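Protein chains in written order, with the numbering used here: chain A, 1 to 248; chain B, 1001 to 1188. Note that beta-carbon positions come from the ideal geometry of N, C-alpha and C, so glycine has one too. For clarity, every value in this text was computed on a predicted model and none was experimentally measured. Written below as structure tokens is the structure these notes are about.
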Amino acid sequence: MLIRRISTARWWHKKKNWIFLGTFLFLVFIRISKGSIYKDFYYFISKPFWPGQFQQEIILESINQESLIKLNLLKKDNIRLREILNLQESSKSDAISAAVISRKTGSWWRQIILNKGSRDGVEIGSTVIGPGGLLGRVKSTSLFTSSVTLLTSPESKIGVWVDRIQINGLLIGLADEYPSLILYSRDADIKVGDFVSSSPASTLLPANIPIGIVKSVDKPFQTKKTAKILLLAKPHVIDWVKILKVKI
Amino acid sequence: MGKNFKGKNLMNNFFVKNIPMILFIFIPIIFLWHPSWLGFFGFQPYWPLLWLLPWSIINGSINGLLFGLFMGLILDSVTLDSNFTQIPGLVLCGVWFGTIKIHSGILVGHFRYGLICSIGSFLCGTLYFLQILFKNFSDSTFLLFIPSVQNILAEVFLTGLFAPLMCSQLLRIFKFFNYKNLINYSRK
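Here's what the structure looks like:
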């Protein structure tokens, strides 16, 4: 006598398995869409807690300091730019103001989420500045939000300019408070207190945005010299930022 | 009035059945929210483990593995680092947590959750750190990343601190609602 297998024993006959499969596919969709559903959901539920206007005075003071440093840099840069061709252009009319609605400034994940997204014209790769200077670049956008990789993130690598010794370097985020500046010259005369700004040769960022000050210089390793940078813009306290569109 | 009562009852039933899932959805939200008053110096406990531990203890290793994977997928999508993933750590922790039995001693149980979550957080942090080192190995800049081990240590400490408080409460909630579900099913 043949014993027939009961049909309910098959895995595809169980409703639970289909629910699991459906959930899994849904989560894969979320993963592929870079969590845009989640971020938009977060946008709506965090709306009542967005930062208010009370920071205006602190921000204006920081902007004044930033402008003074910037003015000095621009004077020097103007002379240089008369001789060489300008690689980047950026005007204030391209700036979009946005509030920080989520910030992760500790641990491995260093990012902020802003309340302006692709609906407001934010594009991937746009530069984000705050009181003090450069914060990072837009890595992904959803309809209502945009996520910014901070300079301290292990994913961040940007070209920078040390003005005093007129040399380009690479700023790498290390998942701690102080990113490292790598100069590909063993004899570079970098000193504590040197000012670091975005590189005029960069194709990713507008030139001369203040970034930070050299905090400490490490011993030369092979053909490189590294230094720790104290960032001027503090992402853990900034509530309002500006997004600059980059014209390439 | 009867219609209203029925609707309210349905709503209650929905929450009773799905409270662990509702809490599951809120883990990425708290991960994004990153409340500064719940951490020290910008560091936060590793929130997913605080949910995963009670869930896996009650539902076993297979469920732990699946929900570790689900949690990893969501968290990877809300964080930007497309090169690194949290899935391996969470899956391993889910499987391991599923093999753990509930301790009868209340006080010992509380501190045990702290220790288990600390070890889990260390595992997840180390796996993440190794991915960063591996990715930067070719650039020979990987040595610069060594000081970021502090992230692992800070997370281990904070997760261990929060776990006795949160895991015990979540375990109680999950057990209570599991029990309530069972009663509902048996009535049907």
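- Annotated as proximal: A:K39 and A:S142, with beta-carbon spacing under 8 Å.
- DSSP, reduced to helix, strand and coil, places A:L150 within a strand of the structure shown.
- The beta carbon of B:G1072 sits closer than 6 Å to the beta carbons of Q1086, I1087 and L1090 from its chain, once the five residues preceding and following it are set aside; these are given in chain order.
- Between the alpha carbons of A:S146 and A:Q222 lies a distance of about 39 Å.
- B:I1074 has a beta carbon lying within less than 8 Å of a beta carbon in chain A.
- Taken atom to atom, the span from the alpha-carbon of B:F1031 to that of A:R80 is near 46 Å.
- In this structure, A:A175 is the residue among A:A98, A:D77 and A:A175 with its C-alpha nearest to the C-alpha of A:Q111.
- Proximity of A:Y184 to chain B, defined by a Cβ-Cβ separation below 8 Å, is not satisfied.
- Rounded to the nearest angstrom, the gap between the Cα atoms of B:F1041 and A:S153 is 16 Å.
- Excluding residues up to 5 positions away in sequence, F1145, S1148, V1149, N1151 and I1152 lie with their Cβ nearer than 8 Å to the Cβ of B:F1129 in the same chain.
- Under the 10 Å beta carbon count, A:E123 is surrounded by fewer than 16 other beta carbons and is classified as exposed.
- Against chain A, the beta carbon of B:H1034 has neighbours under 7 Å at S102, R103 and K104, listed in chain order.
- With the criterion set as a beta carbon lying under 8 Å from some beta carbon of chain B, the members of the region 162 to 175 of chain A are I172, L174 and A175, in sequence order.
- Residues of the region 11 to 34 of chain A with a Cβ closer than 9 Å to any Cβ of chain B, in chain order: F20, T23, F24, L27, V28, I30, R31, I32, S33 and K34.
- The bridge partners DSSP lists for A:P210 are A:S197.
- Between B:H1034 and A:P51, the alpha-carbon positions lie close to 15 Å from each other.
- Straight across, the Cα-Cα distance linking A:I30 with A:S67 is about 42 Å.
- Identification of chain A residues near B:Q1169 by a Cβ-Cβ cut-off of 7 Å yields none; the smallest Cβ-Cβ distance measures about 22 Å.
- Apart from sequence neighbours up to five positions away, the residues of its chain that approach B:P1045 with a beta-carbon distance below 6 Å are L1158, T1159 and F1162, ordered along the chain.
- Taking a 10 Å sphere around the C-beta of A:V214, we find 16 or more other C-beta atoms and assign the residue as buried.
- Put simply, the CB of B:N1059 is far from chain A, with every gap to its CB atoms at 8 Å or more.
- Pairing B:G1094 with B:L1065 gives a Cβ-Cβ distance under 8 Å.
- Taking the Cα of A:S46 as reference, the smallest distance to any Cα among A:I172, A:K242 and A:R103 is reached at A:R103.
- Listed as beta-bridge partners of A:L170 by DSSP are A:G159 and A:I182.
- Contacts between A:T226 and chain B, judged by CB atoms closer than 9 Å, involve T1141 and L1144 in chain order.
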